[in-house]
Every structure is written in structure tokens, then in C-alpha cells.
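J.: Counting in the numbering used here, the sequence shown runs from 10 upward without gaps.
Using N, Cα and C, we set each Cβ at its ideal position, and we do this for glycine too.
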Amino acid sequence: MRQDYFVLFACCIPVKGHSRSTICDLQRNSFELIPNILFEILTEHEGKAMQTIFATYHHEYNREIEEYLDFLVEKEYGFYSAEPQSFPKLDLTWHNPFPVTHALVDFDEKSKHPLPHIVKQLTAMFCPAIELRFFHAPSLEVLENTLQTFQDSPFRSVQMIAGYSKDLTIAQLTALAYQYPRLQSLVIHSTPSENIPASSDISIPHLTFIEQNLSSEACCGNISPRYFTVNRQFFTEAQTFNSCLNRKISIDKRGFIKNCPSMTQHFGHIEATSLADVVKQQAFQKAWHISKDQVTTCQDCEFRYVCHDCRAYVANPGNALSKPAKCRYNPYEATWEAATIG
Ligand code: SF4
Ligand code: SF4
10 MRQDYFVLFA
20 CCIPVKGHSR
30 STICDLQRNS
40 FELIPNILFE
50 ILTEHEGKAM
60 QTIFATYHHE
70 YNREIEEYLD
80 FLVEKEYGFY
90 SAEPQSFPKL
100 DLTWHNPFPV
110 THALVDFDEK
120 SKHPLPHIVK
130 QLTAMFCPAI
140 ELRFFHAPSL
150 EVLENTLQTF
160 QDSPFRSVQM
170 IAGYSKDLTI
180 AQLTALAYQY
190 PRLQSLVIHS
200 TPSENIPASS
210 DISIPHLTFI
220 EQNLSSEACC
230 GNISPRYFTV
240 NRQFFTEAQT
250 FNSCLNRKIS
260 IDKRGFIKNC
270 PSMTQHFGHI
280 EATSLADVVK
290 QQAFQKAWHI
300 SKDQVTTCQD
310 CEFRYVCHDC
320 RAYVANPGNA
330 LSKPAKCRYN
340 PYEATWEAAT
350 IG
């Protein structure tokens, strides 16, 4: 027999948007679109007995409410219970012991900033993840020397993007990935379409060839459902912090220390300034605290805790809190300019 109360699993969290809502499932790392009326039932009437909820809507929608909740049971977002108080909510406080959680370092053929010097400083801060973007096509030797720099370091993840060169073969890149297990992804950009290998020719999942030209920092900041991240770490961080820049430090292709290489404001040059000193500065940390709930339009979007933010390219450059310029979603109409989901 059905129990009196409906309870969402603690890892399934409703997020309200202007036109529709989501339930973010932080255990299965996915989300479900739901109508705002269901969000209302799940939040404003949370903990109320089913009969009380029916009465709130004057018993006019009993069948519809039951159908909605049965749908959530079927999809394993929730369950019926006689003891809803026995199921506490998930703590959404974000904790992280590292002063810097990720670093982004850019290079082009004119770059002179020495990676070992940067890695040494990041290592002292226990930075766990780094992304290296080569806007040009580095040689195999440069890629090898780069990865060699991370041997005996505490980095857990190294991601690289590099320009296409016909001298870099799949066999060489695969051998590199085997030799350096910290290499979590290697994306070869600007690959001529006729040279994109078939996926069956690539034996490792983290090697990708793309046609897209990523030859400058301006390639960054795109917003798309493809880049949504649904997990507890991201969701909890996005409650209060910026989902791109929090605890991030960047070194642009000329060696200037910034929140993000695409931003104009810098905090000194890597040759003269210590990264640890920059990280402590209030002015540097300011961008860390811009959450989606403060950003215009995003604050009304049902995707705001799974969507990466961008503070470098904003829709209204005069307003630091305006929506990312490269977002094509309109939460007021629930439509994507180029494509529609849901
Ligand atoms: S702020 Fe924008 S451009 Fe800068 S790293 Fe983030 S997404 Fe990329
Ligand atoms: S409006 Fe665009 S950038 Fe803002 S949260 Fe929604 S999808 Fe992301």
C-alpha cells in the first residue's frame, strides 16, 4: 500500500528555472527536466502528507499529482514513506583543502615562460589538476618534456590540447599516454578533416582529434549542454562559487598571471611574481565568489548548478554580472538558439 508521504532521494535535488525546473541527480550524474508545478509540489509542500497536498490544490489535480510522483518513483528519484523525517537532506556545503584546485597555462610559439618554474610553485600549493593549451603545433619532444615535468609531482590530472602536426603520429601519442598515466586527455586541434582518424584507429579513450581551430584563448567560454557537469562536487561548488574560476589560476601565453587567460586584468608576471602571493590577494579571489545565482539570466536558469560559467566573455561587458556571451539558452522561453533540448 502507498505510504502517506513522498520523499526525494537526498542526492536528487530540484532546481527551479523561470519556465521549467530540473531534478539534478548527484549520484547518477544526470538531470531530469520537470514542470515548475512539480518543483512547487516537491519544495513548497515538502514533508506534507499526500492528502494535505491534494487539499492544497482543492482536490482538483489529485490524479495529475499522483502521476507526477509515480513517474518520479518509476525513474528512481524518490519513494513513498510513512517516516519522511528519517531521511535528512544532503549537506550542500562545498569544502576543499587546496588553495588552488586547477591551473591553466597557455603557450604559443613565442611563449617563454618556463613550465618547471610554474609546476614547482603549483606543487608547493598541492594543486591537483592542470590544463596546458598549446595554440600552435608542438613537437613530440616538447610534449614529452612537458609531461616529464610532472613526474614526481602530486598532480592527479594533466590535460593537454595541442595543434595538429603531420609529424605527430597516433602511435607516438598513444605511447606518450601510456608512458605518462597522469595525462588524462590529449586533444589535437586544427586537424584537417581528411586526417581525422577513425575512432577504431585510436586505442586509448583520452586521445581526440578535432577539426576546430583552438589557436587562441578566444576559443574558450562556449556554453552548451555538452559541457554540463552533473556531480556533487560541481553542484555544491556552484551554490556559492564561480563554476569556472573558483580556486583557478592561469598563466597566459605571455606569462602574465590571471584568473583566466582571456581576461585583461593581470596580477604580475610569472618571472617576477609568486603564484602563492597572487592567490592570497583579495582582488584575485573576487571572481571566485561570483556564483550563477548572482549572474543575470543565469539566476533564472534551471541549469545554473550544472553549467560552467564564463566571466571573460560576457553579454554586456559593462556589467561584470551579465550572462556569458557565448550562451545561446533563453531560460524565459526554455529554448536554445541553435538546438533545443527537453
Ligand atoms: S572565464 Fe571563460 S574564457 Fe576564461 S577560462 Fe572560464 S570559460 Fe574560459
Ligand atoms: S543561461 Fe546559459 S550560461 Fe546561464 S546557466 Fe543557463 S545555460 Fe548556463
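Considering only the alpha carbon of each residue, which of A64, Q160, E85 and C316 lies closest to D34?
T.: As a working note, residue 34 is residue 25 in the sequence shown. Closest by alpha carbon: E85.
J.: Shorter than 6 angstroms, the distance from the beta carbon of F243 to the closest heavy atom of ligand 2, or not?
T.: In the sequence shown, the residue the question calls residue 243 occupies position 234. Checking every heavy atom of ligand 2 against the Cβ of F243, none is found closer than 6 angstroms.
J.: Roughly how many whole angstroms lie between the Cα atoms of C20 and Q94?
T.: Along the sequence shown, one-based indexing puts residue 20 at 11. Along the sequence shown, one-based indexing puts residue 94 at 85. Their backbone Cα atoms lie some 16 angstroms apart in a straight line.
J.: Comparing the CB of A321 with every heavy atom of ligand 1, is any distance shorter than 6 angstroms?
T.: Within the sequence shown, the letter at position 312 stands for residue 321. True, at least one ligand heavy atom lies under 6 angstroms from that Cβ.
J.: In whole angstroms, what is the alpha-carbon distance linking F164 and T155?
T.: What you label residue 164 is simply residue 155 of the sequence shown in a count that begins at 1. What you label residue 155 is simply residue 146 of the sequence shown in a count that begins at 1. Distance between the alpha carbons of F164 and T155 is about 13 angstroms.
J.: With T183 and L152 assumed to form a contact (beta carbons below 8 angstroms), what rounded beta-carbon distance in angstroms separates them?
T.: For the purposes of this step, residue 183 is identified with residue 174 of the sequence shown, where counting begins at 1. For the purposes of this step, residue 152 is identified with residue 143 of the sequence shown, where counting begins at 1. With 8 angstroms as the limit, T183 and L152 do not qualify as a contact, their Cβ atoms being about 12 angstroms apart.
J.: Where does E246 sit, in a helix, a strand or coil, going by DSSP?
T.: To locate residue 246, count along the sequence shown from 1; it is residue 237. Helix at E246.
J.: Would you please state the rounded distance, in angstroms, between the beta carbons of D115 and R142? I believe it to be under 8 angstroms.
T.: The residue you call residue 115 lines up with position 106 of the sequence shown. The residue you call residue 142 lines up with position 133 of the sequence shown. At roughly 5 angstroms, the Cβ-Cβ gap stays under 8 angstroms, so D115 and R142 are in contact.
J.: Take the Cβ of G351 as the centre, count every other Cβ of all protein chains shown within 10 Å, and call the residue buried at 16 or more, exposed below.
T.: Here residue 351 refers to the residue found at position 342 when the sequence shown is read from its first residue. Low per-residue confidence applies at G351: pLDDT is 40, beneath 50, and the placement is therefore not dependable, though the value from the model is reported in the following sentence. By the neighbour-count rule (16 or more Cβ atoms within 10 Å), G351 is not buried but exposed.
J.: Below 8 angstroms on the Cβ atoms is my guess for K257 versus H111; work out the distance and round it to an integer in Å.
T.: One-based indexing of the sequence shown puts residue 257 at position 248. One-based indexing of the sequence shown puts residue 111 at position 102. Contact holds; Cβ gap of about 5 angstroms.
J.: Spatial neighbours of E137 within its chain, please: C-beta separation below 6 angstroms, excluding the five flanking residues on both sides.
T.: The sequence position of residue 137 within the sequence shown is 128, counting from 1. Just to set this straight, residue 137 is Pro in the shown sequence, not Glu. Cβ neighbours of P137 beyond the five flanking positions: R165.
J.: CB of C33 to nearest heavy atom of ligand 1: below 6 angstroms?
T.: The sequence position of residue 33 within the sequence shown is 24, counting from 1. Answer for C33: no, Cβ out of range of ligand 1.
J.: Mind the definition here: the region 119 to 135 touches the region 251 to 267 only if three or more C-beta pairs lie below 8 angstroms; say whether that holds.
T.: Segments in contact, yes.
J.: Measuring only the C-alpha atoms, how far is T349 from C316?
T.: Your numbering for residue 349 matches position 340 in the sequence shown. Your numbering for residue 316 matches position 307 in the sequence shown. Only weak support exists for where T349 lies, its pLDDT of 42 falling under 50; the value from the coordinates is given anyway. Taking the straight line from one Cα to the other gives about 16 angstroms.
J.: Work out the CA separation of P201 and G277 for me, nearest whole Å.
T.: If you number the sequence shown from 1, residue 277 lands on position 268. If you number the sequence shown from 1, residue 201 lands on position 192. When rounded, the distance between both Cα atoms is 37 angstroms.
J.: Could you give the DSSP three-state label for C319: helix, strand or coil?
T.: The residue labelled residue 319 in the question sits at position 310 within the sequence shown. Reduced to three states, the DSSP call for C319 is coil.
J.: Report, in whole angstroms, the separation of the C-beta atoms of T247 and R313, which I expect to be a contact under 8 angstroms.
T.: For the purposes of this step, residue 247 is taken as the residue at position 238 of the sequence shown. For the purposes of this step, residue 313 is taken as the residue at position 304 of the sequence shown. It should be pointed out that residue 247 corresponds to Ala in this sequence rather than to Thr. Correct: roughly 7 angstroms between the Cβ atoms.
J.: Compute the distance between the beta-carbons of T52 and P97, then report whether it is under 7 angstroms.
T.: Within the sequence shown, the letter at position 43 stands for residue 52. Within the sequence shown, the letter at position 88 stands for residue 97. Cβ distance not < 7 angstroms, so T52 and P97 don't count as in contact.
J.: Out of curiosity, what's the CA-to-CA distance linking N339 and W345?
T.: Here residue 339 is taken as the residue at index 330 of the sequence shown, counted from 1. Here residue 345 is taken as the residue at index 336 of the sequence shown, counted from 1. If I take the Cα positions, the gap works out to 6 angstroms.
J.: Nearest to S199 by alpha carbon, out of P214, I170 and C253?
T.: The residue labelled residue 199 in the question sits at position 190 within the sequence shown. The shortest Cα separation from S199 among P214, I170 and C253 belongs to I170.
J.: Assign I350 to one of three DSSP states: helix, strand, or coil.
T.: Translated into the one-based positions of the sequence shown, residue 350 becomes position 341. Only weak support is given to the placement of I350: the predicted model assigns it a pLDDT of 45, under 50, and the question is left unresolved by the model.
J.: Could you work out which residue in L185, C319 and E118 is closest to G172 when comparing CA atoms only?
T.: Your numbering for residue 172 matches position 163 in the sequence shown. For the residues L185, C319 and E118, the minimum Cα distance to G172 belongs to E118.
J.: Any heavy atom of ligand 2 closer than 6 angstroms to the CB of T306?
T.: Your numbering for residue 306 matches position 297 in the sequence shown. The answer is yes for T306.
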